[in-house]
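Chains as they are written, first to last, in the numbering used here: chain A, 1 to 165; chain B, 1001 to 1108.
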């Protein structure tokens, strides 16, 4: 059952990712990225990472992608006018090289990764454990993160504001 | 693996393969697309692929640290998206274009 669910949602994720790369219009790419993130959230659930699955949906699919769609609509970004014309070098070597890289990755993953299988529901890494680790071992990075977000807010406001004078 | 493998638990290498495929697609989008926003979305796709590796290894080693790392990657991605999109807004305000080919000089 696990493997079937994994294959279904992996297929959805890969199909949406291909759609992201292929589509001409940015808004279609953004919606494909939402599809990838939703499928990945289900796969996180299969891995027993409940907190990360919820955060994936809320932070990525919710907040970040709304920001993307908002900017696309604000800038009225349409289809790319100039068709992308890759050079002959990229045309001849690009696709074989991508397949070669994937094949190499596949080889190393199959032969180098520790041999183990992952079953749904037998994991102890629940939200409780994540929260405990976050507020004990990783307390200092967590606090620094809040400063980072404050800096990011200030930076975004300063960069995007209208000139007053 | 046969039909029996389809019903049983999922090997760790499948997760790593999915992550590798998503990362490669992200790189392809980053290199092929000409729109600044689509290029930026490809970067987010690559971050997601790496997150999947973190969570898969966190599950494999029965350690919660991988999930914590994923959490921090998400926070940094949120900050990066806010600042990056503000930069894209400013670029569009100054140049009236979103094509990466037209934004190739540092001079205003």
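Quick reminder that beta carbons are idealized off the backbone N, C-alpha and C, glycines included.
Note that the structure is predicted; figures quoted are calculated from it, not measured.
Residues of chain A whose Cβ lies closer than 9 Å to the Cβ of residue 1104 of chain B do not exist; the shortest such Cβ separation is about 14 Å. At a cut-off of 8 Å, the C-beta of residue 1046 of chain B has no neighbouring C-beta in chain A. By the beta-carbon neighbour count (other beta carbons within 10 angstroms, threshold 16), residue 89 of chain A is exposed.
Counting C-beta pairs closer than 8 Å gives fewer than three between the stretch 43 to 59 of chain A and the stretch 16 to 29 of chain A, which falls short of the contact rule. By the beta-carbon neighbour count (other beta carbons within 10 angstroms, threshold 16), residue 1 of chain A is exposed. The three-state reading of DSSP puts residue 19 of chain A in helix, counting H, G and I together.
Close CB contacts of residue 142 of chain A within its chain, under the 8 Å cut and outside five residues either way in sequence, are with 134 and 135 (chain order). Of all alpha-carbon atoms in B:1018, B:1036 and B:1020, the one lying nearest the alpha-carbon of residue 1086 of chain B is that of B:1036.
Taking a cut-off of 8 Å for Cβ pairs, the stretch 1024 to 1035 of chain B and the stretch 1098 to 1105 of chain B touch, as three or more such pairs fall below it. In terms of beta-carbon proximity, residue 1035 of chain B lines the interface with chain A, with at least one pair separated by less than 8 Å.
In this structure, residue 127 of chain A places its C-beta atom within 8 Å of the C-beta atom of residue 51 of chain A.
For residue 1090 of chain B, the chain A residues whose C-beta falls within less than 8 Å of its own C-beta are 159 and 160, listed in chain order. Apart from the 5 residues on each side of it in sequence, residue 1023 of chain B sits with its Cβ closer than 6 Å to the Cβ of 1046 and 1049 in its chain, given in chain order. Taking 8 Å as the cut-off, the Cβ atoms of residue 145 of chain A and residue 1072 of chain B count as close. Under the Cβ distance rule, residue 101 of chain A counts among the residues neighbouring chain B, one pair being separated by less than 8 Å. The Cβ atoms of residue 65 of chain A and residue 34 of chain A sit closer than 8 Å to each other. Relative to the Cα of residue 32 of chain A, the nearest Cα in the group B:1031, B:1042 and B:1030 belongs to B:1042. Taken in chain order, the complete alpha helix (DSSP H) segments of 4 or more residues contained in the stretch 30 to 81 of chain A are 50 to 55 and 65 to 75.
Checking the DSSP bridge columns, you'll see residue 1099 of chain B partnered with B:1035. For residue 1106 of chain B, no alpha helix (DSSP H) run applies, since DSSP gives it neither H nor E. Within the stretch 1064 to 1075 of chain B, the residues whose Cβ lies closer than 8 Å to any Cβ of chain A are, in chain order, 1064, 1065, 1067, 1068, 1070, 1071, 1072, 1074 and 1075.
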